[in-house]
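Enquirer: I am attaching a structure below and will ask some questions about it afterwards.
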Amino acid sequence: MVNCGRGNEEKVIYSSESLNEDSMGKILSNYCKTLLEVKEFDGLQCSSNDEKRVNDNFQSDILFISVTTKDGEVFHIVSKESLTYSSRFLSWLQTISRPFYKECIWYRIALPLLSQLWPIVKELSPKCYYGEVNTGLSLIRPISLKYFGLLGYSLVAKSEKSLILLENVCKRLGDGKFETINKMNIIDFDFALSAMRTMAHFHGIWRQFLYGGKTPREPNTSPQDFLNIFQPKLSSYGMKSFIGRITLMIINLLCNNVEGGVELAERYKRYSKSEEIINLHIQMFTNPSTEKSKLKTMIHGDYWTNNLLYRPSDKFTMMIDYQIMQIAHPARDFWYFIYSSTDRQWRELYLDQCKRTYYDIYCSYADTNQCLTYEQLSKELEDRRGIGIFIPFMTILITKYPEQIDKQHMILFGKDYDKVIKVIGQKEKEDDHPNIKKMRHLFIDAVQEAADLGLIK
């Protein structure tokens with residue numbers, strides 16, 4: 016296992032409040048394998064005052080850090096830690112979903128392991144100077160989870176406390192600098208193709224590791240170890256509740272803003288409750304062991320513009336935020352990205368090129384007997400396209416809304432979300448906020464497209 020920022024004798028740090036010149040010197044010295052003395056240490060709390068960044072972040076506290084050594088070397092760092100304060104219910108949800116555990120597993124175990132055979136893996140993420148979580152980094156499934164399920168596990172498991180320190184690649188100089196993507200806009204085509212290439216590398220490498228027999232020889236990190244942790248088997252109740260809330264919003268939106276909207280709303284409602292869409296979400300989210308496709312792999316789980324950084328100099332995309340990684344069909348990442356970032360006109364122009372770009376790289380990792388034809392892969396994606404008019408809507412709803420939503424509310428529930436769902440479903444007025452109008456356009460566009468494609472019967 017690669018040591019990501021801590022010597023065996025050093026005290027484990029789970030909070031940015033414990034960071035100072037001395038602790039940062041030890042962390043960076045351990046990472047760089049040479050003694051570094053810190054002269055200056057400055058931290059700036061991430062702000063949500065910028066409308067472009069409002070509602071960006073719901074599971075972490077973010078701090079931007081600048082560290083200058085006595086030799087004049089400057090490290091720009093993003094500190095990501097578990098929420099300083101969260102309600103008991105949210106704390107319980109994080110205990111069972113283990114977001115920081117998953118992200119630390121990526122940086123501390125999976126990334127160095129996979130990069131032994133596939134060096135490009137190192138380019139898919141920022142440098143990790145430090146990563147610790149109080150639940151540990153074992154890939155052995157907890158006994159309480161194995162024998163008593165999530166409820167039993169939640170009664171004995173610790174609430175997550177974690178600190179991850181990453182390179183701020185947006186502070187690099189010259190051609191190496193990355194940029195954030197404006198989540199309010201329809202994405203640029205060059206960026207979309209770059210994001211497809213990165214997604215395909217991630218999926219293809221994991222597919223070979225998990226199912227292709229390409230396994231680096233490391234103890235306790237076999238494909239089965241990862242499958243035991245990252246292939247959940249959960250109740251579908253929560254997913255049905257999310258779909259129900261989204262459906263309520265879309266019904267009101269269609270009825271109030273679309274000619275013939277009542278009939279379309281009824282069709283959308285039937286589709287939301289159909290066995291087809293429920294089974295699709297079970298395969299994609301709550302019980303992926305039911306998915307039998309040979310494309311199944313490790314997915315990012317939250318693959319959209321806010322978790323991607325773009326380097327224009329060579330049109331390369333880097334991924335961040337690995338807190339929802341799981342085993343599933345790659346269509347989940349694909350449609351999540353497409354429907355959260357594009358409209359119908361864009362998809363009509365560029366969707367096929369996105370699929371072909373993804374296919375070319377994904378299949379470059381597959382053995383001859385594993386690889387599908389392009390037509391077969393496209394069909395597998397299209398067969399699962401229905402998820403595009405549900406869960407990506409949740410992302411649009413939260414992240415493009417112009418007002419701050421209380422982090423302490425469970426996503427899609429609570430008074431702030433009641434307000435958002437009500438506002439989106441109302442008849443559009445001339446003086447509505449531009450972002451609200453954009454959101455309605457994306458929702459209506461996608462549902463009408465799905466009806467025309469025959470997804471909504």
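With positions in the sequence shown counted from 1, the corresponding number in my numbering is that position plus 15.
All residues carry an ideal CB built from backbone N, CA and C; glycine is no exception.
Remember, it's a predicted structure, so these values are computed and weren't measured experimentally.
What do you get for N64, buried or exposed, if any count of 16 or more other CB atoms within 10 angstroms of its CB means buried?
Expert: Caution applies to N64, whose pLDDT of 49 falls short of 50 and renders its modelled position unreliable; the model cannot decide the point.
Enquirer: Mapping the DSSP letters down to three states, classify N64 as helix, strand or coil.
Expert: Reliability fails at N64, whose pLDDT of 49 lies under 50, so the model's placement of it is uncertain and no value is given.
Enquirer: How would you call I158, buried or exposed, if buried means at least 16 neighbouring beta carbons within 10 angstroms?
Expert: exposed
Enquirer: Which stretch, first to last residue, makes up the alpha helix (DSSP H) that contains T312?
Expert: That residue, T312, is in no alpha helix (DSSP H); its beta strand (DSSP E) goes T312 to I314.
Enquirer: If I follow the unbroken alpha helix (DSSP H) through H456, where does it start and stop?
Expert: P449 to L468
Enquirer: Taking the C-alpha atoms as reference points, what is the distance between S308 and M299?
Expert: Computed Cα separation, rounded: 11 angstroms.
Enquirer: Quick check: F206 and I196, are their CB atoms within less than 8 angstroms of each other?
Expert: Closer than 8 angstroms, so yes.
Enquirer: Using 8 angstroms for Cβ pairs, my map puts L225 next to M334. What's the rounded Cβ distance?
Expert: Not confirmed; about 18 angstroms, so no contact.
Enquirer: Rounding to the nearest angstrom, what Cα-Cα distance links W121 and S140 in this structure?
Expert: 10 angstroms
Enquirer: List the whole-angstrom C-beta distance separating K453 from M254, where the pair is believed to meet the contact cut-off of C-beta under 8 angstroms.
Expert: That pair is no contact at about 26 angstroms.
Enquirer: Quick check on this structure: which residue in G146, V435 and E418 has the alpha carbon closest to the alpha carbon of C119?
Expert: G146
Enquirer: Could you check if R103 is buried or exposed, using at least 16 other CB atoms within 10 Å of its CB as the buried criterion?
Expert: Around the beta carbon of R103, fewer than 16 other beta carbons lie within 10 angstroms, which makes this residue exposed.
Enquirer: Which residues in the same chain as D86 place their Cβ atom closer than 6 angstroms to its Cβ, once the five residues preceding and following it in sequence are excluded?
Expert: Taking D86 as the centre and dropping the five residues before and after it, the same chain places no C-beta closer than 6 angstroms to its C-beta.
Enquirer: Hey, could you find the ends of the beta strand (DSSP E) V148 is sitting in?
Expert: C143 to V148
Enquirer: Would you tell me roughly how many angstroms separate the C-alpha atoms of D421 and K415, rounded to the nearest one?
Expert: 14 angstroms
Enquirer: Taking the continuous alpha helix (DSSP H) assigned at L132, which residues delimit it?
Expert: Run containing L132: none; DSSP gives neither H nor E here.
Enquirer: Helix, strand or coil for Q341? Go by DSSP, reduced to three states.
Expert: strand
Enquirer: Reducing DSSP to helix, strand and coil, say where K434 ends up.
Expert: helix
Enquirer: With DSSP as the reference, label Y325 as helix, strand or coil.
Expert: strand
Enquirer: Suppose you measure from the CA of D398 to the CA of Q360; what does that come to, to the nearest Å?
Expert: Roughly 21 angstroms between the two C-alpha positions.
Enquirer: Quick one, are the C-beta atoms of G219 and Y377 less than 8 angstroms apart?
Expert: A contact, by the Cβ cut-off of 8 angstroms.
Enquirer: Quick check on the DSSP output: the alpha helix (DSSP H) that includes E395 runs from which residue to which?
Expert: Y389 to D398
Enquirer: Mind checking R455: buried by the 16 CB within 10 Å criterion, or exposed?
Expert: buried
Enquirer: Going by the CB atoms, is the gap between G401 and L323 shorter than 8 angstroms?
Expert: no
Enquirer: Helix, strand or coil: how does DSSP classify F349 here?
Expert: helix
Enquirer: By how many angstroms is the C-alpha of S177 removed from the C-alpha of L98?
Expert: 9 angstroms
Enquirer: Please look up how many angstroms separate the CB atoms of I80 and D57, rounded, as I've assumed it's under 8 angstroms.
Expert: 7 angstroms
Enquirer: Do I28 and K95 count as a contact pair if the criterion is CB distance below 8 angstroms?
Expert: no
Enquirer: On the DSSP bridge assignment, give the partners of H91 in chain order.
Expert: Bridge partners of H91: S81.
Enquirer: Thinking C-beta only, is L132 closer than 8 angstroms to K26?
Expert: no
Enquirer: Quick one: complete alpha helix (DSSP H) runs, 4+ long, within the region 166-221?
Expert: If we require 4 residues or more, the region 166-221 turns out to have no alpha helix (DSSP H) run fully inside it.
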